[in-house]
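Here the structure comes first, spelled out in structure tokens, and everything after it is commentary.
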Amino acid sequence: MDAHSAGIMRGYGRGGRPPDRGSFPLDHWNDCTPIMSEYMACLGRNRHDNNSCRYITRQYLQCRMDHNLMHKEELAKLGFRESDVEVECPPRQHETAMQRKQRQGFLAGHTALVLEERSLWRWERIFSMGKWEDWRSLWYAARGTVRRATGGE
């Protein structure tokens with residue numbers, strides 16, 4: 022048995038799954054290209070927020086169905102409602118990490134660790150202090166050892 026036959030027998034030669042709604046042929050005669058270009062321009066204007074250009078998506082899919090480039094399907098089954106707005110919506114506002122910190126109230130050093138176990142609570146206290154001497158004394162106390170005085174410290 023050669024390597025190719027062995028691969029097929031193990032299942033390596035299986036192809037991918039076909040698309041859910043059948044094939045999606047290319048638009049060779051550019052029937053729906055103007056709508057597609059309008060959609061791409063809308064995405065550019067709205068920082069690639071596809072929800073803002075939903076009305077053009079509806080027109081594009083309808084165009085593909087009208088020109089037999091796609092199986093005819095009710096738009097409601099494709100996720101569109103009759104009540105959908107037929108105009109361009111403003112893009113959604115995406116909150117940056119800095120904006121989220123300002124909104125929630127950020128305290129530097131206090132949220133160094135996300136503590137999920139009660140046994141780790143002392144670590145938040147260590148990081149919140151910010152002084153090396155305090156940290157070191159707590160470390161020795163946690164170990165139960167006595168710090169020996171050395172001449173160099």
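Take any residue in the sequence shown, note its place counting from 1, add 21, and you have its number in this note's numbering.
We put the CB at the ideal spot given by N, CA and C, even for glycine.
- In the three-state reduction of the DSSP assignment, residue 104 falls in the coil class, being assigned neither a helical nor a strand state.
- Membership of residue 38 in any alpha helix (DSSP H) is not indicated, and neither H nor E is assigned to it by DSSP.
- In this structure, residue 110 and residue 72 form a Cβ contact; the two beta carbons are roughly 7 Å apart against a cut-off of 8 Å.
- According to the DSSP assignment, residue 91 belongs to no alpha helix (DSSP H), since it is labelled neither H nor E.
- For residue 123, the enclosing alpha helix (DSSP H) stretches over residues 118-125.
- DSSP, reduced to helix, strand and coil, places residue 110 outside both helices and strands of the structure shown, so it counts as coil.
- Going by beta carbons, residue 121 and residue 105 fall outside the 8 Å limit.
- Here residue 161 is exposed, its C-beta having fewer than 16 other C-beta atoms within 10 Å.
- Here residue 63 is not near residue 85, since their CB atoms are 8 Å or more apart.
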